[in-house]
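Following: one structure in structure tokens, then a few remarks.
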Amino acid sequence: MSLRTTTDYVEDVSPGSGALPPRAWYPASDAAALSLNGSWRFRLSPTADAEDASFAAPGYDAGGWAEVSVPGHWVLQGHGAPIYTNHLYPFPVDPPRVPTENPTGDHLRFFDLPAGWDPAEGETVLRFDGVESCARVWLNGTEIGEFKGSRLPHEFAVGQLLKPAGNVLAVRVHQWSAGSYLEDQDQWWLPGIFRDVTLLHRPAGSVRDFFVHASYDHVAGAGTLRVDSDVAGRVTVPELGVDVATGEPVTVPVEAWTAETPRLYDGVLATEGERVPLRIGFRTVVVEDGLVKVNGRAVLFKGVNRHEWHPRNGRALDAETMRADVLLMKRHNINAVRTSHYPPHPAFLDLCDEYGLWVIDECDLETHGFTEQAWRDNPVDDDRWTPALLDRAARMVERDKNHPSVVIWSLGNEAGTGRGLTAMAEWIHGRDASRLVHYEGDIDCRDTDVYSRMYADHAEVERIGRRLDGGTHRRRQLPFILCEYGHAMGNGPGGLADYQRIFESYDRLQGGFIWEWIDHGIEDERYGYAYGGDFGEELHDGNFVCDGLVFPDREPSPGLVEYKKVIEPVRIEGDGGNGTVHVTNAYDFADLSALDFEWSYQVGGETVASGSLTVPALAAGGSAEVKLPEPPVAAGSGETQWTVRAVLAADAGWGPRGHVVAWGRFPVSGRQSPSFAASAGPVVSGDGSVSLGPAVFDARSGALRSIGSVAVTGLRLDVWRATTDNDDGAAWQSDLRYGALWRKFGLHRMRHRLDAVEPSAEALTVRTRVAPAAWEFGLATVYRWTTDGSRLRLTVSVTPDGDWTVPLPRLGVRFGLPAADRVRWFGGGPGEAYPDTRAASLVGRWQSTVDEMQTPYLRPQENGARADVRWAELGGLRIEGDPEFWFTARRWTTEQLDAAAHRSDLIPGDTVWVNLDHGQHGIGSQSCGPGVLPPYQLHAGPAEFSFVFSDIG
């Protein structure tokens, strides 16, 4: 064996050497396989050439080495540290050169062959499903090759090197390589063998590569199956009575595969030496009439971008985690996934086939960091790199070509433009004409089949829908998707319902994909979850890696709950007063036969009657007026509402019977404002206090001290909130970023000047001016306190003065209570809501605890507001609002929340701080998208609002 320590291959732009041609992946067959996953011996070196290759020789003593788990990343197992950058390369940009400081992990796996496995019979293939970023491989002391392409499979013929026992597999993995320039995705840099390593026996006459062509004629209701195979054999599909030779087409009546009706047929590809199970879905994908059509019908993508992530294991995902992702997506009405920005573990696509998700399968390619030098030296426009680009395209397409869920191939992400991308598109179109090609960076759609954008604002999307966007003639004839929108970083995204309304208004707009599925927080004993910068990185992008619809532990965020409501596939609308509801089937293919409908009737937020509702099994796109039963004769009084839900009629593979798919709630009678008649005036005492009904005030300042037995501290006007990621926006954006402007204008440090305390025969009036230091604008604020003898009413009047050029974060009052735990309220719930994220807020009676009302964003920020609250009870107080209000309660101040960088920075105090807000500024998605739309902005203007307090302790 060679003991050379050359590392030229690390900086070679070629994809590698020694690997077999790419081929289709399948999970199992009757041929033997041996998983090499498990505990491997491991040694970390600081440079690529620190150690020679002697470790690969049989008999090498690695007894003093550490151990790591494979699949896994060594930086998540105590060896080195992860690095997060959004697009900046964490090393000098000098392609294809990489730093001398190049962490290199040597891995050793010792194994025996199972009994009955004779390496002399047939062939044996060693398969790596994913290694970051460059690997050199030896088996029993013989070098068999090296490769790049981290999220792509590589196979090597090794049968002649195997022994029945005492085999030694040696793999040297380099963190940085020429391939790193092609893998600048927005994610953690995590070196290691992070996907499966498998030894595959290939008996004589076994399957090599095969391509399942399964098209569907929606007019005839027939499917045409042809399985091309490198090795001749037969294809059988018992359910369809199919038994044909490979390469021979057969047409039979079938049920089509769609994401809504994922009909799969079990078949077998049998050659002389192997039987491979097939799962066949018949469907046809075309662009026709300027629309993406599947099986003759246009589809609307209600999608999400999905990075692979686990908070302990990084991108090393097990089957249970992948299944959990798919089930969560299906239960939240998501119908499509873009595999940003690389092909996922192949088993994930099996799940998409089984449960039903449209897939944009994206190549492992991004060169975003070259934008810092105006794309100069970008590899995708350098012919030396084209073989590597074509290799990546081929390894994706060949691996995944037999999945019916994959309807679009994507060339990659944010890699500029160039000849290499055109070569990839041409190769893919030539290899697989049955799918479309996507690439957002192809702004003129020269090489692609759909017009794709990311983060276009609502107005621009609507112009595109109206075909007023301009561009090349070819582009104007193509369907449009937002491959990224609704940046789900922290609290948000806002404005999703507005996007969906636009999508559904114009045929050309075929939906989009939320950025993104999961927060990439790393489980960390210091912070709970760590993000960029928490590991001492030289360059990092902070919590920009935490921008998902689910938290790292896969708990849904309020953003996912909102998205589920916005994209629900059944529209239930109505005017509760006329006794009917309008039901629309918003599926693209499925009828409503899988759903039951239920009604319930609420009085004062509580359900007093319920039952089943007969709704016809409407075809996709159909609608009907459905009569509700007569309103029940209910005890009690208060506002009344109908609620209608669409639920699963039976257990489905992805959800249980009774799972709520869609709902609507409609008022019948409105809310009556709290009745209140002032009956007594304030009484000034000699001890410096003022009594007013159940309340006591400080006579000098007019500050409220208590209401009955409940002590109250610090009640005053509040306009500040701990800025959200979307308030702060992204530094590269040219639009106004209100978070920064609010701080510039001092809204986080408002001063409260006392102008007068005025007792009168009917009220205690306190006049103040609330304004920031250094600026001349402010808010003239009047607190007027009255009592009916047992209750206390506060009326707040606010009049802006000066030149207010920015909206307010919030407008309301806040105060502290000495003790509070259980919370009850009648209003929106069960989770948080803001003006542009309130579609999922269901008005009713709810209860929680103060702690449970918090939304645990990884970077703490404004959260937890409940909308449309009529009344709330906590800490011995009942609070009724006129009009309805936003309600928040937490065990730390807004200032403490604002100062926190991690969840662990929030230390509960002895006081519960309550906000009762007349208004809240919206959320938007300006962390990487448009800001808050005008209807949801909270501009300073004259306002008056009231609260009635009662001691219920």
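Read left to right, the sequence shown gives residues -17 to 935 (our numbering).
Don't be surprised by glycine CBs; every beta carbon is placed ideally from N, CA and C.
All figures in this text were calculated on a predicted structure; none of them were measured in a lab.
- Query: Can you name, in chain order, every residue of its own chain whose Cβ lies under 7 Å from the Cβ of isoleucine 262, other than the five neighbours on each side?
  - Reply: Val194, Ala196, Leu207, Val219, Leu246, Tyr247 and Gly249
- prompt: leucine 90 to valine 269, Cα distance in whole Å?
  reply: 49 Å
Practice task
Starting from glutamine 584, follow its DSSP beta bridges and name the residues at the other end.
Solution key: Thr589 and Gln623
Whole angstroms are fine: how far does the CA of glycine 104 sit from the CA of tryptophan 714? 58 Å
- Query: Under a three-way DSSP split, which group does aspartate 707 fall into?
  - Reply: helix
Can you give the beta carbon distance from glutamine 492 to valine 286, rounded, assuming they're within the 8 Å contact cut?
Not confirmed; about 15 Å, so no contact.
### Message
Assuming arginine 23 and tryptophan 56 are in contact, meaning their beta carbons sit under 8 Å apart, how far apart are those beta carbons, in whole angstroms?
### Response
The Cβ separation is near 12 Å, so there is no contact.
When burial is assigned at 16 or more other CB atoms within 10 Å of the CB, is histidine 455 buried or exposed? When all chains shown are included, histidine 455 counts as exposed.
query = Nearest-angstrom Cα distance between glutamine 919 and valine 805?
reply = 29 Å
Checklist entry - Quick one: what does DSSP say serine -16 is sitting in, helix, strand or coil? => result Here the model assigns serine -16 a pLDDT of 46, short of 50, so the residue's position is not dependable, and the following value carries that caveat. Reduced to three states, the DSSP call for serine -16 is coil.
Check your understanding: Name the DSSP beta bridge partners of leucine 630, please?
Key -> Leu577
Put aspartate 557 into one of helix, strand or coil per three-state DSSP. strand
- Query: Hey, how far is the Cα of aspartate 212 from the Cα of valine 532?
  - Reply: 43 Å
Q) What residue range is occupied by the uninterrupted alpha helix (DSSP H) comprising glutamate 991? A) The first residue shown for the chain is -17 and the last is 935, placing residue 991 beyond what the model contains.
If you follow the alpha helix (DSSP H) that phenylalanine 264 is part of, which residue opens it and which one closes it?
Boundaries cannot be given for phenylalanine 264, as no alpha helix (DSSP H) includes it and DSSP labels it neither H nor E.
Looking only at its chain, what residues have a beta carbon closer than 6 Å to the beta carbon of glycine 229, apart from the 5 residues adjacent to it on each side? Once the five neighbours on either side are set aside, the close Cβ partners of glycine 229 are Asp210.
Checking 9 Å against the spacing of the C-beta atoms, do arginine 841 and alanine 881 come in under that value?
no
Please determine if the segment 791 to 801 and the segment 515 to 523 are in contact, where contact requires at least 3 C-beta pairs separated by less than 8 Å. no
- Which stretch, first to last residue, makes up the beta strand (DSSP E) that contains aspartate 933? 925 to 933
What residues in its chain sit with their C-beta under 8 Å from that of arginine 449, if we drop five residues either side in the sequence?
Arg458 and Arg490
request  = Check the C-beta distance from serine 691 over to aspartate 933 and give it rounded, since I have them as a contact under 8 Å.
outcome  = 6 Å
| query | How should lysine 130 be labelled, buried or exposed, when 16 other C-beta atoms within 10 angstroms of its C-beta is the threshold for buried? | reply | buried
- Item | CA-to-CA distance, proline 28 to glutamate 83, given in whole angstroms | Glutamate 83 and proline 28: Cα-Cα distance of roughly 6 Å.
Requested in this report: Apply the 10 Å Cβ neighbour rule to lysine 383 and answer buried if 16 or more other Cβ atoms are within range, or exposed otherwise.
Outcome: buried
Alpha helix (DSSP H) runs wholly inside the segment 361 to 419, at least 4 long, in chain order: 368 to 382 and 401 to 413
- Pairwise C-alpha distance: cysteine 528 and alanine 376: 32 Å
key: Residue from Pro244, Gly255 and Phe264 with nearest C-alpha to proline 235   = Phe264
For leucine 736, is the classification buried or exposed, using 16 other Cβ atoms within 10 angstroms of its Cβ as the cut-off for buried? exposed
When DSSP labels each residue in this structure, what does tyrosine 8 get in the three-state scheme?
Correct three-state label for tyrosine 8: coil.
Query raised in the report: Taking the runs of the alpha helix (DSSP H) that are 4 residues or longer, which of them lie wholly in the segment 861 to 918?
Result: 876 to 881
**Item:** serine 434 vs threonine 321 beta-carbon contact at 9 Å
**Value:** Their beta carbons are not under 9 Å apart, which means serine 434 does not touch threonine 321 by this criterion.
- request: May I ask you to report which of helix, strand or coil DSSP gives glutamine 715?
  value: coil
Top-ranked residue by Cα proximity to proline 4, from Arg374, Asp899 and Tyr467:
Arg374
Task: Endpoints, beta strand (DSSP E) assigned at lysine 609 - done: 605 to 609
(Q) Going by DSSP in three states, asparagine 68 sits in which element: helix, strand or coil? (A) coil
Assigned secondary structure, glycine -10 (DSSP; H/G/I helix, E/B strand, else coil)
The displayed chain sequence assigns aspartate, not glycine, to residue -10. The DSSP-derived three-state label of aspartate -10 is helix.
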